[in-house]
Each structure stands twice: as structure tokens, then as C-alpha cells.
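Participant:
4 protein chains.
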Amino acid sequence: MPRHVTHVPLRWADLDALGHVNNVVYLRYLQEARVDMLFVHAARNGAEKLAGGVVVSRHEIGYRAPLHFRPAPVRVETWVADVRAASFTLGYEVLDESPSGERTVYAVASSVLVPYNLADGQPRRVAAEERAVLETFYEPDGPAPRRAA
Amino acid sequence: MPRHVTHVPLRWADLDALGHVNNVVYLRYLQEARVDMLFVHAARNGAEKLAGGVVVSRHEIGYRAPLHFRPAPVRVETWVADVRAASFTLGYEVLDESPSGERTVYAVASSVLVPYNLADGQPRRVAAEERAVLETFYEPDGPAPRRAA
Amino acid sequence: MPRHVTHVPLRWADLDALGHVNNVVYLRYLQEARVDMLFVHAARNGAEKLAGGVVVSRHEIGYRAPLHFRPAPVRVETWVADVRAASFTLGYEVLDESPSGERTVYAVASSVLVPYNLADGQPRRVAAEERAVLETFYEPDGPAPRRAA
Amino acid sequence: MPRHVTHVPLRWADLDALGHVNNVVYLRYLQEARVDMLFVHAARNGAEKLAGGVVVSRHEIGYRAPLHFRPAPVRVETWVADVRAASFTLGYEVLDESPSGERTVYAVASSVLVPYNLADGQPRRVAAEERAVLETFYEPDGPAPRRAA
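Chains as they are written, first to last, in our numbering: chain A, 1 to 149; chain B, 1001 to 1149; chain C, 2001 to 2149; chain D, 3001 to 3149.
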């Protein structure tokens, strides 16, 4: 299945006192990719309720290489690693891809997300039409944040 | 062993458009607790080189309850979950503790950290005196970000 | 009249790639001081509607000295420089004060704020009871962001 | 003279608890526009030393309209309002421009910047070749943050 691709421009303010993108800021990039995928893309395709009605239950992120400031955006690829009854898991890679297809991966991450009802603030099940949209990005065997031993 | 305690004041800017502390900002709180523990406390106790010379290799965080704005700081407890040859793992709880000792936990997290030499930018082993300081916070069986089944 | 005093702890994340508190972050400190003054203090004293119902119309800030990371909070003093029919102006100094009373000023700033009705989103006049609370911090001749020639 | 144009994508994290781009974040957009103009553009055109060697002395910003989240970047136009012996002033407008040329201005701002020597950390004069580059963006009568009476 295709991954969802978001190009996230760096900001100079993303750098910390050590001069590279701070480890916390990578989570901001994942947030932007997630908003882009769920609010913009999925909302156009029949899963409107996911937009705004998703709570983060867990994040995991493994850092692979430092990211330095440059004018070009960084690429965030997002996929759906798992869909359960009342939650789903996104996988992400933050990377650069050269014109010849060589990839430099800066981070690998995953997030467990829980849909909830805006009306009563309670978690709810993943609806059938949401599952269908999520499954267009399904990649159960994608890379995981923990390094292989 | 005692945990290291840091009181982190919230900022109004930590709130997102949903009106509670954004999930990414919790990682900022962990960063402040880590800086407080490693730069301020540990630096006073013989592990000066850890200050500034540590790279984050991995984060994991599980969210337990939403955190709303209030003037009082939130409590971050930090401990050392593991010390290996060339890395160590911190555990954290973000919580409130009432005067009667009742605890409300907002998040449980862990970070794998790698010491490195500022001079050549290469990872290095944990030095004996650093291990001794880290072990004063050793708690191998603390809570983990993944919920029990 | 007394100034309102807020102690704002720095965060390591406030530093930019040049290693000192980024110029934009000072505005965050002013925001925290303003929230502290208007939401916490003023709300307790009869100007509840100012809390949440104020829009920033203008900021001006002059930087006097670089601010480096340290565990101690920085002091923000806030006063009311002007109250008009439908707006008011806050003045601020960001500073350290030594035990002997010596002051190191990092920035001087001002903000023009406009009360508005949450119900219809329209600007409104400053109410009499709000004016009374604001005037407890009145200091029309305080320092201004522009340096004297 | 032409203005320097930077397209700054919004981030969802730029929103505050009131649901629109926080007033402080506009200063981040100005910072990105400034970095783009001085580090990227000017550095290519003979004023390399301005990149990295500029300190903000003063900011002034007037807000004109609230900015809501959307996928499209916002436009920041930057010009040089003044060049003095040892400082220069940038003007900015944060705006949208429709295909038919209609402009919606969200903020008007200015910054006084001081070149300094990286070697000794002292302010220095604007060099002749820097003045020449800055003057390619010279617009002394641009809009100012204070509203006309």
C-alpha cells in the first residue's frame, strides 16, 4: 500500500542549543504529518470524524541520525501499522530521499491513536468507513522504532 | 532508591487548540526534568561530562490522563531504569501528588540516552563515576509506558 | 503603584542555536506574565471578564542584554501604562534583581490589549470595575522599549 | 524595489487554546522570513557575514486580523526600511494574496537589527557590500505597525 507523504519545512527555531533539530521537535513533525493525513486527506475521503476526534495514547520514536537546518523540507512518510476495535497505530519515517532514490532516515516512530466522541469526550470504536480509509495506508510490516539487536 | 523530583511549571502556550497540554509538550517536560537531573544535580556530583554530552536514542511515552492549565507546576519524577555499557535508560512519571499522597499520573515515559565525546562527536562508554551517580537513582522495576494488558 | 511580579522559569528549550534565549521566547515570558496578572490575579479581584477575553493589538519590545540558561527563574514586572475607552497598555521589564537590589534588565516591552465579548467576538469598552483593577497597577511613566536617544 | 517573499507553512502546533495562530508565533514567522532573506538570499549575494552575525535590538508588531489554520502557507513580505551606520530596520507584512491580487493583511511589523562580529561578540558597522545588498530591498515608506490615527 502507498504511504502518505508530507513534506515538512524545518524552522530555524527547531534547532536547539546544540545546533541541530531538537529531539522533541521530531514529534512536532509527526504531528504535522498526522494532521495532514487525518484532517486533510482522510477528511476528504469519508473519515471526517477522525479529524479533531483522535487522542494520542502512546508514542515511540527511535532517532537514527541528526538533522541539520537547511531550506529544503524533510519528508515524513506515514502508514497504518495496525487497526483494532477502538484504536489504530500509525508508523512514520522521517527521511530525505535523493533524486536517485537513496534514503537517509533520521527517525522511525509509531503512535497509538484512539478515536473519541467530541460530544461526550468518551473513546469509541473505529467506524467501518474509517477502517476502510485507514486500510488504504496499511503496512503491517513497516520499520519499527526499536533497532534490531 | 529515591527518584529525582522536578517541578515543571506549565505555560499557557503549552495548550493546543483542544485546550489541554499538547502531547508533544510532555516531551518538553521530560527534557526539563532530564536537564535538571543530569546538568544540575549530576553535574554537582561527579558526572560533569554527562551534562551536554548525551544524545537521545529513543523515547517512549504513554498518556494516562489529560493535563489542563493551572498555575501550579506539575511533578516529574525521574529514575534510572537501566545502565548498560554505552547507554542508560531513564524512566519518568508526570503526575500530581495531593497533600494526602494520592497520585494522579498524566504520563509514563522512558528515554534511552547515549553518552558521547564532545571532542569527536562519537558515542562512548558510560564511565565508572557516571555509573555510580546514575545508580543513586536506580529503579529497575518502575512503571513502563506500555499499559499492562 | 506596585508592579505585578511573575517569576518565569526558563526552559532549556528556550535556547536557540546561538545558545541564548531566543528573541521570540521573550514574548512567551510576557505572555505568561500577562496570563498570571489578568487570569490569576485580576480574576480574583473583580475583572473576571478580562480572563480569556483580551486580544493583543500590538507588541513592542527592546532587547537590552542576552539571557543565558540557568536554573533560577527570571523576573517579569508588569504594570499598566495606559487605560483608554476600549483598550489598555501593559508595560513590562524582564530582569534579574540581586539580593542587594541591583537590577539587570534583559528587555523592556509593551502590549496594547483590547477587551472583547466572547459571545459575539466583537471588541468592547473597558468596564468600570476592570478599569479599577487595572489602575491598581498604574504607572504611566515607566520605561519604554525605545532607547532614549 | 521588490520585497523579499517567503511562504511560511503554518503548523497545527501554532494554534493556541483560542484556536487561532498565537500572537507570539507571528514573531516566529518573521524569524523564518528573516533567516530566509539574510541567510539564504543575502548570503548568496555578497553579505555572507550577516548570516549568523545579527542581533535583534527591537521588534514592533501590529496585529490586523486573526489567522486560522489551513494547509496553505502564509505569505511574509520583507523589506529594508532603513540602513544606518551600525544597524538596519526590516519591515514585514504577513498576508494572503488572492489570485486576483486582493490582499488580506494579518500583521505589520518591524525589527531593528545590529550586525556584530562573531569573533569578539561586539557590534560592528554595516559593511559597504552589506549595505548594497540590503538596499536592493529598500522601501523607506512601507507600512508601519502603528495604525494610522
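Note that the Cβ used here is the ideal one computed from N, Cα and C, for glycine as well. Remember, predicted model here, so these are calculated numbers, not experimental data.
Which word fits Gln-122 (chain A), buried or exposed, when buried means at least 16 other C-beta atoms lie within 10 angstroms of its C-beta?
Facilitator: For the purposes of this step, residue 122 (chain A) is identified with residue 122 of the first sequence, where counting begins at 1. When all chains shown are included, Gln-122 (chain A) counts as exposed.
Participant: Reducing DSSP to helix, strand and coil, say where Ala-2033 (chain C) ends up.
Facilitator: Reading the third sequence from its first residue, position 33 is the one you call residue 2033 (chain C). Correct three-state label for Ala-2033 (chain C): helix.
Participant: By the criterion of Cβ-Cβ separation under 8 Å, what are the contact partners of Val-35 (chain A) in chain D?
Facilitator: The residue labelled residue 35 (chain A) in the question sits at position 35 within the first sequence. What Val-35 (chain A) touches in chain D: Trp-3012.
Participant: Decide if Val-2024 (chain C) is buried, meaning its Cβ has at least 16 other Cβ atoms within 10 Å, or exposed.
Facilitator: For the purposes of this step, residue 2024 (chain C) is taken as residue 24 along the third sequence, with counting starting at 1. Looking at its Cβ environment, which holds 16 or more other Cβ atoms inside 10 Å, Val-2024 (chain C) is buried.
Participant: At the level of alpha carbons, what is the spacing between Ala-86 (chain A) and Lys-49 (chain A)?
Facilitator: Against the first sequence, residue 86 (chain A) aligns to sequence position 86. Against the first sequence, residue 49 (chain A) aligns to sequence position 49. Those two C-alpha atoms are separated by around 14 Å.
Participant: Which same chain residues end up closer than 6 Å to Leu-1027 (chain B) when comparing Cβ atoms and leaving out the 5 residues on each side of it in sequence?
Facilitator: Within the second sequence, the letter at position 27 stands for residue 1027 (chain B). Excluding residues within five positions, none has a Cβ falling inside 6 Å.
Participant: Tell me which same chain residues have a C-beta within less than 6 Å of the C-beta of Val-1108 (chain B), skipping the five on either side of it?
Facilitator: Working through the second sequence from its first residue, we reach residue 1108 (chain B) at position 108. The residues are Gly-1062, Glu-1093, Pro-1143 and Pro-1145.
Participant: Using the C-alpha atoms, what's the distance from Asp-120 (chain A) back to His-2020 (chain C)?
Facilitator: Position 20 of the third sequence holds residue 2020 (chain C). Position 120 of the first sequence holds residue 120 (chain A). Each residue's Cα considered, the two are about 44 Å apart.
Participant: Got a sec: is the Cβ-Cβ distance from Leu-1090 (chain B) to anything in chain A below 8 Å?
Facilitator: For the purposes of this step, residue 1090 (chain B) is taken as the residue at position 90 of the second sequence. So, not an interface residue.
Participant: What do you reckon, is the C-beta of Val-2094 (chain C) under 7 Å from a heavy atom of the ligand COA?
Facilitator: Although the ligand COA was asked about, the structure shown includes no ligands whatsoever.
Participant: Roughly how many whole angstroms lie between the Cα atoms of Met-1001 (chain B) and Ser-1111 (chain B)?
Facilitator: If you number the second sequence from 1, residue 1001 (chain B) lands on position 1. If you number the second sequence from 1, residue 1111 (chain B) lands on position 111. Looking at the two C-alpha atoms, the distance is approximately 19 Å.
Participant: On the CB-based measure, 16 or more other CB atoms within 10 Å of its CB, does Asn-3129 (chain D) come out buried or exposed?
Facilitator: In the fourth sequence, the residue the question calls residue 3129 (chain D) occupies position 129. The residue you asked about is not Asn; residue 3129 (chain D) is Glu in the sequence shown. Classification of Glu-3129 (chain D): exposed, given that the 10 Å Cβ count is below 16.
Participant: Going straight from the alpha carbon of Val-3074 (chain D) to that of Ser-1098 (chain B), what length do you get?
Facilitator: The residue labelled residue 3074 (chain D) in the question sits at position 74 within the fourth sequence. The residue labelled residue 1098 (chain B) in the question sits at position 98 within the second sequence. Taking the straight line from one Cα to the other gives about 45 Å.
Participant: Pick out the complete alpha helix (DSSP H) segments inside the region 23 to 107 of chain A, 4 residues or longer, and give them in chain order.
Facilitator: Listed in chain order, they are 23 to 35.
Participant: Using a beta-carbon distance cut-off of less than 7 Å, what residues from the region 36 to 60 of chain A approach chain D?
Facilitator: Answer in chain order: Val-40.
Participant: Between which two residues does the beta strand (DSSP E) carrying Val-3005 (chain D) extend?
Facilitator: The residue you call residue 3005 (chain D) lines up with position 5 of the fourth sequence. First-last of the beta strand (DSSP E) with Val-3005 (chain D): 3004 to 3008.
Participant: Please list the partners that Leu-15 (chain A) has in chain C, where partner means a Cβ-to-Cβ separation under 8 Å.
Facilitator: Residue numbering aside, residue 15 (chain A) sits at position 15 when the first sequence is read from its first letter. Near Leu-15 (chain A) (Cβ distances below 8 Å), the residues of chain C are Asp-2016 and Ala-2017.
Participant: Looking at the structure shown, is Ala-148 (chain A) part of a helix, part of a strand, or coil, going by DSSP?
Facilitator: To locate residue 148 (chain A), count along the first sequence from 1; it is residue 148. Caution is warranted here: a pLDDT of 48 is assigned to Ala-148 (chain A), below 50, making its placement in the model unreliable, and the coordinate value is therefore given only provisionally. Coil, per DSSP.
Participant: Just tell me which of B:Pro-1066, B:Phe-1088, B:Ala-1013 and B:Leu-1134 has its CA closest to the CA of Val-1105 (chain B).
Facilitator: Translated into positions along the second sequence, residue 1105 (chain B) becomes position 105. Nearest of B:Pro-1066, B:Phe-1088, B:Ala-1013 and B:Leu-1134 to Val-1105 (chain B), Cα basis: B:Pro-1066.
Participant: Among all the DSSP beta bridges, which residues are the ones paired with Ala-3109 (chain D)?
Facilitator: Within the fourth sequence, the letter at position 109 stands for residue 3109 (chain D). In the DSSP output, where bridge partners are listed per residue, Ala-3109 (chain D) has D:Ile-3061 and D:Tyr-3092.
Participant: List the residues of chain C whose Cβ lies closer than 9 Å to the Cβ of Asn-23 (chain A), in chain order.
Facilitator: Residue mapping note: residue 23 (chain A) aligns to position 23 of the first sequence, counting from 1. Per Cβ cutoff of 9 Å: no residues; Asn-23 (chain A) is ~10 Å from chain C at best.
Participant: Would you call Asp-16 (chain A) buried or exposed, if buried means 16 or more other Cβ atoms sit within 10 Å of its Cβ?
Facilitator: Numbered from 1 along the first sequence, position 16 holds the residue referred to as residue 16 (chain A). Buried.
Participant: Give a yes or no on whether 8 Å exceeds the smallest Cβ distance from Gln-3122 (chain D) to chain C.
Facilitator: Your numbering for residue 3122 (chain D) matches position 122 in the fourth sequence. By this cut-off, Gln-3122 (chain D) is not an interface position.
Participant: Whose C-alpha, out of D:Arg-3034, D:Arg-3103 and D:Glu-3077, is nearest the C-alpha of Val-3056 (chain D)?
Facilitator: Stepping through the fourth sequence from its first residue, residue 3056 (chain D) is reached at position 56. Comparing Cα positions, the closest option is D:Arg-3034.
Participant: Give the straight-line distance between the Cα atoms of Pro-115 (chain A) and Val-126 (chain A), rounded to the nearest whole angstrom.
Facilitator: Within the first sequence, residue 115 (chain A) is the residue found at index 115, counting from 1. Within the first sequence, residue 126 (chain A) is the residue found at index 126, counting from 1. Their Cα atoms are separated by approximately 7 Å.
Participant: Out of A:Ser-100, A:Leu-90 and A:Leu-113, state which residue places its alpha-carbon closest to the alpha-carbon of Asp-141 (chain A).
Facilitator: In the first sequence, counting from the first residue as 1, residue 141 (chain A) sits at position 141. The residue with the shortest Cα to Cα distance from Asp-141 (chain A) is A:Leu-90.
Participant: Report the rounded CA-to-CA distance for Val-1008 (chain B) versus Leu-3113 (chain D), giving the unit in angstroms.
Facilitator: Here residue 1008 (chain B) is taken as the residue at index 8 of the second sequence, counted from 1. Here residue 3113 (chain D) is taken as the residue at index 113 of the fourth sequence, counted from 1. Cα to Cα, Val-1008 (chain B) sits roughly 34 Å from Leu-3113 (chain D).
Participant: Quick check: is the beta carbon of Glu-3102 (chain D) nearer than 8 Å to any beta carbon in chain A?
Facilitator: Reading the fourth sequence from its first residue, position 102 is the one you call residue 3102 (chain D). It does not; no Cβ of chain A falls within 8 Å.
Participant: Spatial neighbours of Phe-137 (chain A) within its chain, please: CB distance less than 8 Å, with the 5 preceding and 5 following residues excluded, ordered by chain position.
Facilitator: Position 137 of the first sequence, counted from the first residue, corresponds to residue 137 (chain A). The residues are Met-1, Pro-2, Arg-3, His-4, Met-37, Thr-78, Trp-79 and Val-80.
Participant: For Tyr-2106 (chain C), which residues in chain D fall below 8 Å Cβ to Cβ?
Facilitator: Here the question's residue 2106 (chain C) lines up with position 106 in the third sequence. What Tyr-2106 (chain C) touches in chain D: nothing, since even the nearest Cβ is about 12 Å away.
Participant: Please confirm if Pro-2140 (chain C) has its CB atom under 8 Å from at least one CB of chain B.
Facilitator: To locate residue 2140 (chain C), count along the third sequence from 1; it is residue 140. Not an interface residue.
Participant: Determine whether the beta carbon atoms of Leu-2118 (chain C) and Gly-2046 (chain C) lie at a separation below 8 Å.
Facilitator: Locating residue 2118 (chain C) in the third sequence gives position 118, counting from the first residue. Locating residue 2046 (chain C) in the third sequence gives position 46, counting from the first residue. For Leu-2118 (chain C) and Gly-2046 (chain C), no; Cβs fall outside 8 Å.
Participant: Could you name the residues of the same chain whose beta carbon sits closer than 6 Å to that of His-68 (chain A), not counting the 5 residues immediately before and after it, in chain order?
Facilitator: Residue 68 (chain A) sits at position 68 when you count from the first residue of the first sequence. The residues are His-20.
Participant: Report the option in B:Leu-1134, B:Ala-1072 and B:Arg-1124 whose CA atom is closest to the CA atom of Val-2040 (chain C).
Facilitator: As a working mapping, residue 2040 (chain C) is identified with position 40 in the third sequence. Among B:Leu-1134, B:Ala-1072 and B:Arg-1124, the Cα nearest to that of Val-2040 (chain C) belongs to B:Ala-1072.
Participant: Just list the residues that DSSP pairs Leu-2015 (chain C) with in beta bridges.
Facilitator: Taking the third sequence and counting its residues from 1, one reaches residue 2015 (chain C) at position 15. For Leu-2015 (chain C), which the question treats as bridged, DSSP gives the partners C:Val-2021.
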